[in-house]
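A.B. asks:
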Amino acid sequence: MVERTLSIIKPDAVARGLLGDILKKFQSGGLKVVATKLTRLTPERAREFYAVHKERPFFGGLCEYMSSGPILVSVLEGDNAITKHREIMGATDPAKAAPGTIRREWGKDVEKNAVHGSDGPETAAAEIKFFFKPDEIHSS
Ligand code: IDP
Ligand code: MG
215 MVERTLSIIK
225 PDAVARGLLG
235 DILKKFQSGG
245 LKVVATKLTR
255 LTPERAREFY
265 AVHKERPFFG
275 GLCEYMSSGP
285 ILVSVLEGDN
295 AITKHREIMG
305 ATDPAKAAPG
315 TIRREWGKDV
325 EKNAVHGSDG
335 PETAAAEIKF
345 FFKPDEIHSS
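Residue numbers for the sequence shown follow the working numbering, beginning at 215 and rising by one.
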C-alpha cells in the first residue's frame, strides 16, 4: 500500500551537514521525496508538534532542542512508507538501534537522535498537515 510519512532531520543533524547522507538512506530504501523544506520551529510550535509527550520528563528539553536550529521536514512516499521509514531510522535510542540505521550511524543520544518519523497513518496525516499545504506535495 502506498503511504506517506512525515520525516524530520533534526537540528543537530542539519548543523552537522548530514542532509544529503540521511536523505540518501531513505531514498536507497525505496522512499521518494514528494515535498521538502528547510524550516525552523519556534518553541511554541515545537510544543504543539510534540504535545502527545507533554507529560513526559523529557518534554521541555526535547522542545528546546527541536527549536534550537533549522530542521529539514519532508514528506516521503512509498509502499508501507511509515514502517519502512521507521526501520531505516532505527530505534529511538541510537545505542539500541540496529547497525546500518540512521540513528545508529548519526544519532548522538536518545534525545539528539538525528531524525523523526510518524508512527502511524493518523499521526502521519496530521504531521504532514502541520508542515505542508496540499499544493506543496508533488507525487509524480
Ligand atoms: P520516536 O522518535 O522514536 O518515535 P518517541 O518516543 O516518540 O520516539 O519520542 C519522541 C522524541 O523524544 C525522540 O525521538 C527523542 O528525540 C525524544 N526522547 C524520547 N525518549 C527520550 C528520553 O528518554 N530522553 C530524552 N529524550 C527522549
Ligand atoms: Mg514518536
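Glycine residues also receive a C-beta, built at the ideal position from the N, C-alpha and C atoms.
Keeping to the same chain, check which residues put their C-beta closer than 7 Å to that of Phe-346; ignore five residues upstream and five downstream.
C.D. replies: Ala-249, Val-289
A.B. asks: Where Lys-322 and Ser-353 are concerned, what is the direct C-alpha to C-alpha distance, given to the nearest angstrom?
C.D. replies: 33 Å
A.B. asks: Looking at the unbroken beta strand (DSSP E) that takes in Glu-291, where does it start and where does it end?
C.D. replies: 285 to 293
A.B. asks: Just verifying my parser: in three-state terms, what is the DSSP assignment at Ile-222?
C.D. replies: strand
A.B. asks: Among residues of its own chain, excluding the 5 on either side of Ala-305, which ones have a beta-carbon nearer than 6 Å to its beta-carbon?
C.D. replies: Ala-311
A.B. asks: Just checking Asp-323 against the ligand MG - is the residue's beta carbon closer than 6 Å to any of the ligand's heavy atoms?
C.D. replies: no
A.B. asks: Could you tell me if the beta carbon of Asp-307 falls within a distance shorter than 6 Å of some heavy atom in the ligand MG?
C.D. replies: no
A.B. asks: Return yes when the Cβ of Lys-246 is within less than 7 Å of the Cβ of Glu-291, no when it is not.
C.D. replies: Yes. Within cutoff.
A.B. asks: If Phe-240 sits next to Ile-342, beta carbons under 8 Å apart, how far is it from one beta carbon to the other, in whole angstroms?
C.D. replies: No, Phe-240 and Ile-342 are not in contact; Cβ-Cβ is about 15 Å, not under 8 Å.
A.B. asks: Let me know the alpha helix (DSSP H) ranges lying completely inside the stretch 231 to 294, each 4 residues or longer, listed in chain order.
C.D. replies: 233 to 242, 257 to 263, 273 to 280
A.B. asks: Under the DSSP definition of a beta bridge, which residues are partnered with His-330?
C.D. replies: Ile-222
A.B. asks: Can you look up Glu-217 in the DSSP assignment and give me helix, strand or coil?
C.D. replies: strand
A.B. asks: If you draw a straight line from the C-alpha of Ile-236 to the C-alpha of Pro-284, how long is it?
C.D. replies: 15 Å
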